[in-house]
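Written below as structure tokens is the structure these notes are about.
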Amino acid sequence: MLFPTTSFAIFFAAVFTAHWMLSRFPTRWRVFMTGASYFFYAWWDWRLVWLLAASTIVSQVAALGIHRTDHAGRRRLAMAGGVTGNLVLLCGFKYYGFFALSLDNALHGVGLGSALPLVQMTLPVGISFYTFMGISYVVDVYRRDTEPAPWLDFIVYHSFFPHLVAGPIVRARELIPQIQRRRDPRSIDVAGAAYLIWGGLFKKVVLSSFLASAIVDPVFGAPGEHSALEILVAVYAYAVQIYADFSGYTDMAIGVAMLLGFRLPQNFDAPYTARSLREFWRRWHMTLSRWLRDYLYVPLGGSRGSRARTYRNVLITMALGGLWHGAAWTFVAWGLLHGVGLAAGRWREARAAAGGLGAGRPAWRPASLHPALQRAATFHFVCLGWLLFRADSLHTVGTMLARLVTAWGPAPAVTPLVLLAVGFGIGVQYTPEDLPERVESAFARAGALAQGVALGVLLFVISALGPQGVAPFIYFRF
Amino acid sequence: MLDTRPRLSFAPNRLPGMPTRRVTPAGRVLVTMLVCFLVWGLLDARELRRSAEASPIGARRTAALLVLDPLFFVSRWTGMDALGGVASRLLGRNPDDAPGGDLAVPPSAHGAPPARIVGTGRRGVRLPASGGLREYMLLPVRRPSRKSPERILVIGDSFAIGLGLGVSRSLANGPVKVVRQGRESTGLARPDYFNWTAQLRVDVERFRPDIIVAMLGGNDFQDLVVPGHDTVRRFNITAWNALYRQRVSRLMALATSGGARLVWVGLPPSRSPVLPDTGVVRMNDIYQTEATYHPGVVYLDSWRLFARAGGYAAFLRMGKGHRLTQVRESDGVHFTVVGYQRLADSVTGVMRSILGLRL
């Protein structure tokens, strides 16, 4: 069930009513919320519901196993079991075909036959998100950062429908206390929720869909028939499209949860205003960034070893982070590009701290670039990454880069509306930080009827400006 | 990203000095929500009702219409429908469009058959299409030039979107203009949702293609809707086949009536219950047979191109290195980019070998 659909509107109105009516009955509420979340997930394909249940059971059994003993070896064994169980589900359904294919081609190259049977799996929606949440729960219990939750609480946490299919990736210690606490039906932040939901709808239904059909899909689909300017603008447009698509989804998820009395962590913070790659990753898909840091980079050794080991850890983390986004070499290349960029940034900072970088520069040369230039440089590096991310093959990437400097000519696809949409998508990230607060304050002062009418009219405008139907969210396939 | 802790706050961000948020009781939020849905429903009743009408026949459609019919009545009675129509036009959407998209057919295309422009040496001379069709079809495909490129129109459902991009890539270096008109979720089964016959008239008039590539049928193995009449059930094989054949024939005749050649691409095997092999075989048989009855139509068998061991195959050995490559998406229906390219290369091969296209 997609958020911007009539089906979801009906589903949510019913869930909202029942949720608050049952809020005084904790057990009944938990059972109801589990049923609602599983119904939401089954709407896509009921045959894959068992996967979500399997991930929940594996994670909870492992967490209880860890908690039950103080024996270090047994604790580690249970933790490894929980992590492996989730990884088996994830790799089995998401990466099996990719690995089997890569292995077959490697063996075929040296004259050997197939090593693994080639089976094509249906990619279950949201599997990357809920298995990562399962892993973080097991590891947190192992690290004694959190206690295992009762079964029903954990089931609600793991399957809670607002974050189920595309995040944010919420930690147990953030959500489970909220599940266990009684929510007050008299204190719903309707203005904050409406701002997030309607803003998210606009980003997804209007901005992202328009850019995809107007320039991104045609140019990336057949770059050979487009000029340099069209390719350049298409890459910028994709940067806006993927931001609008993914942040639009998580904004809606956070807003929907807010109406149910829950606070989910923020996932995006104006990423294209970043002045360095490191800052970009503190602003883009923030809950994945901290997951990779806490459950991959730190266990690898983080920055505790030599500088070379730190760079290696950064590269491994980013390459695997790239692979998390999709089973293709272009995603690995995208991750490695960011890894190299982050490692280079660290090297530069280390040199600067040691006084090596910029020493002996002429007096007219500033110690660092102007912030606007830093932002522009970071944005263009990120756009180079998006080119790898969106293109279907490395060959297409090469074609597009080559045409950027060779294919001069008219650019009919670059219309004023496309430029306006790209400019809006980037410019909106530079709006004052208190703008949402001011809009929400004005909205909150209106009565229930006026609020309803205003939101209804806005919904109509978004629906009229959007295309027929709703394109799938980019991050659903991750 | 990795050493410094992300600025992870709980949404929404609170800034120092900002006033405390106003909170609302759940009952009032429910009222706001219901008013919102009501206002939206009344303003957009026409569009919502049409979308419901165009959805697949079944219980969900019936239930949606049960709710939307009275809503539409109230919307018209209160004048909200008219208000929504005006607002829609101001926002760039035509409220009278069919749910599947623009179907505005110019008056000239309704009456006499569309005028056509003939091939090499005579391009620019308008002749009526009536009579002489067969002789025209026997003319060789003209040799395109940079000034007058070959016009290729690709039509059909979501298969045609990927195929169109593949054809563009295959012919990227030639004097060719590829117009891609594929539309998702369309076909010949539901003219109430999207009418390909009407749309093709417009496309032929507008683009004057030399070659048309059609790939349809992915959404057609369902009951056939006849506007104003009962639907024809897909299990009623004789009636279904006859009506579907009639629609295919009409589209083929229309496509070639202006002098264009048509490459009709058959359906590949699939592993989706929505498109079972029995249906694919039935429809492919109709396409292939009808292609033999219409001069200027070439049928391309994509089943043979993609089937292995008599059925669906997600991976094929391809290219010089005979490398195993994924050609079908995980939905079991659509092609990967490589798969579309393989199909597009076959289509352009047909254009060169059978239609005599010289680039």
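One line per chain: the protein sequences are A and B, in this order. The first sequence begins at 1 in our numbering and counts up by one. The second sequence begins at 1001 in our numbering and counts up by one. No residue lacks a Cβ here, since even glycine has one placed at the ideal position from N, Cα and C.
- If you check the CB distance, LEU264(A) and HIS163(A) come in under 8 Å.
- For the region 119-130 of chain A, residues whose beta-carbon sits nearer than 8 Å to a beta-carbon of chain B comprise GLN120, MET121, THR122 and LEU123.
- Taking C-beta separations shorter than 6 Å and ignoring five residues to either side along the sequence, GLY1319(B) has no partners in its chain.
- Close CB contacts of PRO185(A) within its chain, under the 8 Å cut and outside five residues either way in sequence, are with TRP20, SER23 and GLY261 (chain order).
- With contacts defined by Cβ atoms closer than 8 Å, ASN1241(B) and ARG1282(B) form a contacting pair.
- For the region 1171-1197 of chain B, the beta-carbon criterion of a distance under 7 Å to any beta-carbon of chain A is satisfied by ALA1172.
- Contact check for PRO467(A) and SER209(A): beta-carbon distance about 5 Å, within the 8 Å limit, so the pair qualifies.
- In the same chain as ALA1313(B), and ignoring 5 residues on each side of it, the C-beta atoms closer than 7 Å to its own belong to PHE1306 and ALA1307, in chain order.
- When DSSP reads this structure, TYR1299(B) sits in a beta bridge with TRP1264(B).
- ALA18(A) has its alpha-carbon roughly 21 Å from the corresponding atom of ALA191(A).
- For GLN1326(B), at least one C-beta of chain A is nearer than 8 Å to its own C-beta.
- Residue burial is scored here from C-beta neighbours: ASN1173(B) has fewer than 16 other C-beta atoms within 10 angstroms and is therefore classed as exposed.
- For THR1325(B), the enclosing beta strand (DSSP E) covers residues 1323-1326.
- Residues of chain A with a Cβ closer than 8 Å to the Cβ of VAL1337(B) are, in chain order, ASP392 and SER393.
- Between LEU201(A) and PHE16(A), the C-beta gap is not smaller than 8 Å, which leaves the two residues out of contact.
- When only Cα atoms are considered, SER1088(B) and LEU458(A) end up about 12 Å apart.
- Think of a sphere of 9 Å around the beta carbon of ASN105(A): the chain B residues whose beta carbon falls inside it are GLY1321, ARG1323, LEU1324 and THR1325, in chain order.
- Close to THR27(A), with beta-carbon spacing below 9 Å, lies no residue of chain B; the smallest spacing is near 20 Å.
- Looking only at GLN178(A), ARG143(A), PRO168(A) and ALA166(A), the smallest Cα-Cα distance to PHE154(A) is reached by GLN178(A).
- Chain A has no Cβ within less than 8 Å of the Cβ of SER1257(B).
- For GLN1181(B), the uninterrupted beta strand (DSSP E) run begins and ends at 1176-1182, by DSSP.
- Straight-line spacing of the CA atoms in PRO26(A) and TRP291(A) works out to 30 Å.
- Taking 8 Å as the Cβ-Cβ cut-off, the region 1278-1296 of chain B has no residue approaching chain A.
- The beta carbon of ILE66(A) sits closer than 6 Å to those of ARG75, ALA78, MET79, VAL141 and TYR142, all from its chain and outside the five residues before and after it, given in chain order.
- A distance below 6 Å between beta-carbons, with the five flanking residues on each side excluded, links ARG1180(B) to the following residues of its chain, in chain order: VAL1154 and GLY1164.
- Scanning ALA149(A), SER187(A) and ALA193(A) for the CA closest to the CA of ALA172(A) turns up ALA149(A).
- Per DSSP, the beta bridge partners of ARG1308(B) are GLY1311(B).
- Boundaries of the alpha helix (DSSP H) around LEU232(A): 228-259.
- A straight-line Cα-Cα distance of about 10 Å links ASP1069(B) and GLU1053(B).
- The alpha-carbon separation between GLU1150(B) and PRO1144(B) amounts to approximately 5 Å.
- Distances from the alpha-carbon of ARG1201(B) to those of VAL1067(B), ARG1328(B), PRO1056(B) and ARG1250(B) put ARG1250(B) closest.
- By the 16-neighbour rule on beta-carbons within 10 angstroms, ASP1230(B) is exposed.
- Burial of PRO218(A) is indicated by the presence of at least 16 other C-beta atoms within 10 angstroms of its C-beta.
- The criterion of a C-beta distance shorter than 8 Å is satisfied by GLN374(A) and ARG275(A).
- Counting along the chain, LEU369(A) sits inside no beta strand (DSSP E), nor does DSSP assign it H or E at all.
- Between the region 1207-1214 of chain B and the region 1257-1267 of chain B there are three or more C-beta pairs closer than 8 Å, enough to call the two in contact.
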